[in-house]
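Below: one structure, written as structure tokens.
Residue numbers (our numbering), protein chains in the order written: chain A, 1 to 180; chain B, 1001 to 1180; chain C, 2001 to 2180; chain D, 3001 to 3180; chain E, 4001 to 4180; chain F, 5001 to 5180.
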């Protein structure tokens, strides 16, 4: 029977080796042939066991032309992004009541920050592929994709709750739900 | 020129009095005559200055018949709710990829927990008014109302980003945006 | 053989259900037929397993007429209280050397804060039953009842230490100890 | 007008010098000519400004023959003690409901630990002077002397609350209060 | 007179703009014409004010052929590195008593982790320029260059202390000191 | 098969006794007959199991005449030292780029602080034995001895990396390595 702790158990220190701290793959383009046109290649604690307790991780983001990473939050991490190729529009929204949308179009070599727990997105605003590297301040940042959480949960949130929440008809809600 | 620190500055300890730790109002029904049919009466650090650094706060929730508090997250706090009157349906959604919707209908005296940073909502499922008390694990929990953050930010997030994100037509997105 | 960690182990996420986040009982009066005339009904992590790691809990406090919750501290939590019924006198004492006693009489709907680790108490100052809800900033706040810790420990603290500490005769100390 | 932050502001790093990290006095016997027969010489952040943010401090404890440091808690720190001279009886009490009294008589060179926020005391159990060095896990540990907090606050806690709390007559309470 | 807090004060939220979260420069090669043949281009809180309180930062590392970043520690951050170009040998050393040297030669797309506070280094093991991006788990990670701290402090650490510490003659110590 | 957690597992609370919080040995001189002329007698969590989770520990330092504790850091703790006997020169070095060497000669009763993660050392500057007590803000502070980490790791760091780092010939590096 497994004993589960919050986080992950530790390897015997005597057996630890360099490969526990190593990952290979940030140079490999991800597969962006999907509905949103983007891909995330994680280097989290699940890929690099030596990250356990160390409070940081990386990922590679790939974008097909005009591909997006849809609005989402990271419950446990701030994200910092740098563009390797292409032109990426990014933004985040501050809390209620201001809901200020802070955004910028980034070019190669630019860096942008997405504060922890704020809704944010990225979009490739060019006709070429775009690539970015992101770092996150957690070994396992988590992600809440807003669309999936609200319209695609298992089981569904009641259509009437969402109709009232978004102040639209139940048909509109049903249409959106079909996509998730 | 104001000096701003992360959080709030401290009062001179010699001037501190009982009223800095006191608030009156949890017995007063909030005004639920609005589109969503709900109201929040906060007892946060802004209402109780003595809460500064102490990591907790309260609020009173009022619901008109079938009123909702629409899907939202608290970036800095877990929420725990207890029903004083009425019958309230509550739920939260876990992170990607599971997006499990965990929900329950609560009666008077029931308690439910909404883990920090997960999307959650409450809805009055009766024809009477409903009232709950919530506690949050922060002096200033923050709230991201999903609808407002995604569809009602200032300025707007581009319609085409949202259309791609929710996989619907731009007209649907425009309709929703009009409400915010 | 049990493996004990600081806190509690985690349930398999696949087996988690709504009832792990649910508790029923805040509407049930506690039994105040005891020497101090009060009762505490906890909704801590032991009652709500889903509170594990989430940093908050609730409890219901009942007071018979003139009943008290005697002076105590919570080693791990700040407490915030709201009165549901009755009239409750509350107070806490600041650290040495000031030992300021900050107190107030609360009515229905009032809120008061007891900073973590300061000695505090509550007393019903009416001839009716009083009820309050408290939230605490820990899943397992802990409680040190001052009387029990000092005069009723197992085994006893030496009578002469306490006589010197409180500057009274050993007979007085013995009398108090008999009560615990 | 002073700006107060939680903790202490920082000195200009360019002006920092060795004396900000230095204190002299752990070799000087404290004055134990008082009712309890003990003395504390602190080396906290107020004596060593360079301790700001660094999470630790020291103090020297002196005991006259049979002198005591009466029951108290440190709201912000664990304490670890080592005996330099003499024979010191020490103990702490665990939380409710166990209230276990864990104690030991220490000789020169012994070390004992008092977990944060638990009631503890020390007493010289010899006819000579005793000396100890303690370290605390905070730059400003704080102290709640149980006697002073409960019986000697400013203003007083009502006699009838304390009579009920300790289950003794109000006269006994009044007697104890006279000492504080 | 400046008020200094631990960290940095906050900007008025109403004045915050996208450029506070933006930096441009990760695409610009640093100047590696120095004794060690390396360069660091930081994107810390001093370059990106919006990073204040957010617990992460980036930097670009450039290496001339066979250039090194000499042994150092980051007092406040774990470092995670990914190679953009070239071939970089990296390593860190675990604490006493094991002092295990864990190292690897990295190629483009590889990732490696340097746990907080452990001595580590990087070296370009090719005849071309090498480039890496690093993320650190602090807005202001700090760096202790071992050579500078031990042999190049202001003022010097006594030659005889170092001779004893490294078990070499004072002449050897003097020679090394001349370089710093 | 052992389950390893970050830190140490907990003992069954019912079996805990006074000796879990006790250590004897701070009065026993350590053996300083070694190359550096110093000795450390720890009272960490491994000697005092009850220190688990409590954030502090002690140690006794012994110095032969002119003995040193060579330059080192504690990855997880600030250190505070008090001199019991003798005359001890102490110092630490601040981070890059200032690398300020802050030092003082201490006499009996003096206290000095070594901020977490900064390189520091102590040296007996008298012809008698010297003794100090140190407290550290962690149950298991860790130590990185600079000489061992850089010149005596297992396996070695390449001589050419170190030659470049310290800007000396490879022969000098080889000589130093022979000592570790």
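We treat Cβ as the ideally placed atom computed from N, Cα and C, and that holds for glycine.
Cutoff 7 Å; reference residue i; Cβ partners in own chain excluding five residues on either side
i	result
residue 145(A)	70, 72
residue 2067(C)	2032, 2036, 2037, 2038, 2124
residue 3159(D)	3170, 3173, 3174
residue 3054(D)	3139
Cβ separation of residue i and residue j, assumed to be a contact under 8 Å, to the nearest whole Å
i	j	result
residue 4119(E)	residue 5150(F)	6 Å
residue 5148(F)	residue 4096(E)	6 Å
residue 1113(B)	residue 2048(C)	6 Å
residue 4122(E)	residue 4088(E)	5 Å
residue 3010(D)	residue 4076(E)	With 8 Å as the limit, residue 3010(D) and residue 4076(E) do not qualify as a contact, their Cβ atoms being about 16 Å apart.
residue 129(A)	residue 65(A)	7 Å
residue 1176(B)	residue 166(A)	6 Å
residue 1045(B)	residue 1052(B)	6 Å
Proximity of residue i and residue j at Cβ, strictly below 8 Å
i	j	result
residue 1008(B)	residue 1074(B)	no
residue 1018(B)	residue 2102(C)	yes
residue 3056(D)	residue 5078(F)	yes
residue 5099(F)	residue 4152(E)	yes
residue 1108(B)	residue 1090(B)	no
residue 1093(B)	residue 2022(C)	no
residue 5168(F)	residue 4179(E)	yes
Closer than 8 Å to chain B by CB, residue i
i	result
residue 65(A)	no
residue 2116(C)	yes
residue 2023(C)	yes
residue 107(A)	no
residue 207(A)	One cannot answer for residue 207(A) here, as it falls past the ends of chain A, which runs 1 to 180.
Neighbour flag for residue i against chain A, beta carbons, 8 Å
i	result
residue 4062(E)	no
residue 4113(E)	yes
residue 4087(E)	no
Neighbouring residues, chain A, relative to residue i (Cβ below 8 Å)
i	result
residue 1166(B)	70, 147, 151, 176, 179
Chain F contact for residue i (CB, 8 Å cutoff)
i	result
residue 3082(D)	yes
residue 3018(D)	yes
residue 4032(E)	no
Chain-ordered chain F contacts of residue i [CB-CB under 8 Å]
i	result
residue 2004(C)	5009, 5010, 5011, 5012
residue 3039(D)	The contacting residues do not exist; residue 3039(D) stays about 15 Å from chain F at best.
residue 3050(D)	5113, 5115
Beta-carbon neighbours of residue i, restricted to chain D and to distances below 7 Å
i	result
residue 5058(F)	3080, 3082, 3111, 3135
Partner residues on chain E for residue i, Cβ-Cβ distance less than 7 Å
i	result
residue 5093(F)	4149, 4153
Cutoff 8 Å; reference residue i; Cβ partners in own chain excluding five residues on either side
i	result
residue 2131(C)	2029, 2060, 2061, 2062, 2063, 2083, 2084, 2085, 2086
residue 4012(E)	none
residue 5197(F)	One cannot answer for residue 5197(F) here, as it falls past the ends of chain F, which runs 5001 to 5180.
Own chain residues within Cβ distance below 6 Å of residue i, not counting five before or after
i	result
residue 1026(B)	1060
residue 5184(F)	No information on residue 5184(F) is available, as it lies outside the stretch 5001 to 5180 that chain F covers here.
residue 2058(C)	2043, 2135
Test: residue i CB closer than 8 Å to a CB of chain E
i	result
residue 3053(D)	yes
residue 5073(F)	yes
Neighbouring residues, chain E, relative to residue i (Cβ below 9 Å)
i	result
residue 5142(F)	4095, 4096, 4117
Closer than 8 Å to chain C by CB, residue i
i	result
residue 3171(D)	no
residue 3099(D)	yes
Proximal chain F residues relative to residue i, where beta-carbon distance stays under 9 Å
i	result
residue 4036(E)	5164, 5165, 5167
CB contact check: residue i to chain D, cutoff 8 Å
i	result
residue 5043(F)	yes
residue 2027(C)	no
Interface partners of residue i on chain C, CB under 7 Å
i	result
residue 2948(D)	Summary: the structure shown does not reach residue 2948(D), with chain D confined to residues 3001 through 3180, and so no result is reported for it.
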